[in-house]
Amino acid sequence: MSQPKINKSMVFKRCYMPEGFNGSLEEIVTTIKEKLPNHADRVFRPELFKSYLIGNITPKENADKGVFVSVLCQDKGATGLINFEKSQESAEVEEHEAPENRAWLDNQILLYIVDNHLVCCNLGPRDSFVGNMLKDIAKVADAVNDDFNFTIADVPNKPELEKVNNIGVKEIDLSLTSYLSTFDNFRNTSISSEIMPVLERVFGEPDEVSGLKKRASAKGRLLLTRGGRFKKEEIPKDDWLTDIGSTVIEQDLDEYKIKLEDGTTISSSNFKVMKSARLTRHGNTFSVDDAKLQTAAFFEELKSNGSLDW
3 MSQPKINKSM
13 VFKRCYMPEG
23 FNGSLEEIVT
33 TIKEKLPNHA
43 DRVFRPELFK
53 SYLIGNITPK
63 ENADKGVFVS
73 VLCQDKGATG
83 LINFEKSQES
93 AEVEEHEAPE
103 NRAWLDNQIL
113 LYIVDNHLVC
123 CNLGPRDSFV
133 GNMLKDIAKV
143 ADAVNDDFNF
153 TIADVPNKPE
163 LEKVNNIGVK
173 EIDLSLTSYL
183 STFDNFRNTS
193 ISSEIMPVLE
203 RVFGEPDEVS
213 GLKKRASAKG
223 RLLLTRGGRF
233 KKEEIPKDDW
243 LTDIGSTVIE
253 QDLDEYKIKL
263 EDGTTISSSN
273 FKVMKSARLT
283 RHGNTFSVDD
293 AKLQTAAFFE
303 ELKSNGSLDW
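So the sequence shown is residues 3 to 312, counted in this note's numbering.
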């Protein structure tokens, strides 16, 4: 009988180190393994009832470079089980705590790191926390200084980016929802315009904490489109709008749609270098051994087609 399979996505990312730093993310992770051999010391707690821990760090066998990092998301709450035996008329939910020295697995992520390149399996929408987790644990391990900072971002799909620059951008629809809580300097501007009071109330720091929370939970969009003053025959593409579109792509923003001059619509997912992996199911997650083989194979594929130079 064949084992059940599960589909997961692999995404290609790169770690950008500060200027003057000669090390790599792989070296930092290797230091974490040496300095923090106990998994209990490799825990990151971004949420109240969830924590992420580096389950294990394993060098790739028979290779000079490459390390696998297994990240486990632990759910500290109870879980529910449906009881079908109590009554034939109804089914009820029972609450169960995890046994001693056990924890409920909420999710699992596998990272394959070579120098400053990463192939991430089952990362999903948790892009930002991976870098924060590695930085936090690296500082605990004294692998980096307290003021050290690096960024992990998608590797932009260079052929698609060149296509955008060549064809030109006609319209940009950018979601601001993830960023509404981060603007705070509009009140210090010297620009005088009727629109500034509106922009201050949207992007300036609210007077009360409750106002900041409300803005952070709001949804927002920025829509920029080519004006109708000039015909396409007169000006084939809008360089200003195209430059903004390229910047949106290069900055690895969360959610956007860009319409090109030829009518093509592209979105943030177009510029992620991704591949689907069909993995053997293991409990409510996937087989790590299976994922190791496929992430390493994907990296070699990217290496052979020149994607490491993008």
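For each residue, glycine too, the CB sits at the ideal point set by N, CA and C.
Computed from a predicted structure; not experimentally measured.
Determine the direct distance from the alpha carbon of proline 101 to that of asparagine 40, and round the result to whole angstroms. Within the sequence shown, numbered from 1, the residue matching residue 40 stands at position 38. Within the sequence shown, numbered from 1, the residue matching residue 101 stands at position 99. One C-alpha to the other measures close to 20 Å.
- Going along the chain, which residues of its own chain have a beta-carbon closer than 7 Å to the beta-carbon of lysine 10, five neighbours each way excluded? Counted from its first residue, the sequence shown places residue 10 at position 8. Cys123, Asn124, Ala279, Leu281 and Phe288.
For this session: State the beta-bridge partners of asparagine 167 as determined by DSSP.
Result: For the purposes of this step, residue 167 is taken as the residue at position 165 of the sequence shown. Paired residue(s): none; asparagine 167 is not in a bridge.
* **DSSP-derived helix/strand/coil call for valine 31** => Within the sequence shown, numbered from 1, the residue matching residue 31 stands at position 29. Valine 31: helix per DSSP, three-state reduction.
Practice problem: Report whether the distance from the Cβ of histidine 98 to the nearest heavy atom of the ligand MG is below 7 Å. | Solution: Among the ligands in the structure shown, none appear at all, so the ligand MG cannot be discussed.
- Message: Classify glutamine 296: buried if its beta carbon has 16 or more other beta carbons within 10 angstroms, exposed otherwise.
- Response: As a first step, residue 296 must be located in the sequence shown, where it is residue number 294. Glutamine 296 is buried by the Cβ-count criterion.
Touching by the beta-carbon criterion (3+ pairs, under 8 Å), the segment 51 to 60 and the segment 73 to 87:
yes
Residues sharing a beta bridge with threonine 153, DSSP: On the sequence shown, position 151 is the one that residue 153 refers to. According to DSSP, which records beta bridges pairwise, threonine 153 is partnered with Tyr18.
Enclosing alpha helix (DSSP H) for glutamate 303 [first to last residue] | By one-based count along the sequence shown, residue 303 stands at place 301. From DSSP, the alpha helix (DSSP H) with glutamate 303 extends over 290 to 306.
According to the Cβ coordinates, are methionine 12 and methionine 276 closer than 8 Å?
Position 10 of the sequence shown, counted from the first residue, corresponds to residue 12. Position 274 of the sequence shown, counted from the first residue, corresponds to residue 276. In this structure, methionine 276 lies closer than 8 Å to methionine 12 by Cβ.
**Asked** So which of Val166, Val121, Leu226 and Lys35 has the shortest CA-CA distance to glutamate 2?
**Response** Beyond the ends of the chain as shown, which are 3 and 312, falls residue 2; an answer cannot be given.
(message) Distance check for lysine 259 and serine 271, CA to CA, integer angstroms please.
(response) Counting from 1 along the sequence shown, the entry for residue 271 is found at position 269. Counting from 1 along the sequence shown, the entry for residue 259 is found at position 257. Approximately 9 Å, taken between the alpha carbons.
Would leucine 27 and asparagine 118 be called neighbours here (beta carbons separated by less than 8 Å)? In the sequence shown, counting from the first residue as 1, residue 27 sits at position 25. In the sequence shown, counting from the first residue as 1, residue 118 sits at position 116. In contact: leucine 27 and asparagine 118 (Cβ atoms closer than 8 Å).
Query raised in the report: Is the number of C-beta pairs between the segment 223 to 230 and the segment 167 to 177 that are closer than 8 Å three or more?
Result: yes
Taking the straight line between their C-alpha atoms, what separation do you get for arginine 283 and isoleucine 111?
One-based indexing of the sequence shown puts residue 283 at position 281. One-based indexing of the sequence shown puts residue 111 at position 109. So the alpha carbons of these two residues sit roughly 14 Å apart.
Test: lysine 137 CB closer than 8 Å to a CB of chain C
Of the chains in the structure shown, none is chain C; there is only one protein chain.
- Query: By how many angstroms is the C-alpha of glutamate 303 removed from the C-alpha of phenylalanine 14?
  - Reply: Reading the sequence shown from its first residue, position 12 is the one you call residue 14. Reading the sequence shown from its first residue, position 301 is the one you call residue 303. Approximately 11 Å, taken between the alpha carbons.
Margin query: Just to check my reading of the structure: valine 157 and aspartate 240 have Cβ atoms closer than 8 Å, yes? What is that Cβ distance to the nearest angstrom?
Written below: The residue given as residue 157 occupies position 155 in the sequence shown. The residue given as residue 240 occupies position 238 in the sequence shown. Valine 157 to aspartate 240, Cβ: 27 Å. No contact.
List the whole-angstrom C-beta distance separating glycine 82 from alanine 298, where the pair is believed to meet the contact cut-off of C-beta under 8 Å. Position 80 of the sequence shown, counting from 1, holds the residue named residue 82. Position 296 of the sequence shown, counting from 1, holds the residue named residue 298. 37 Å between Cβ atoms; not a contact.
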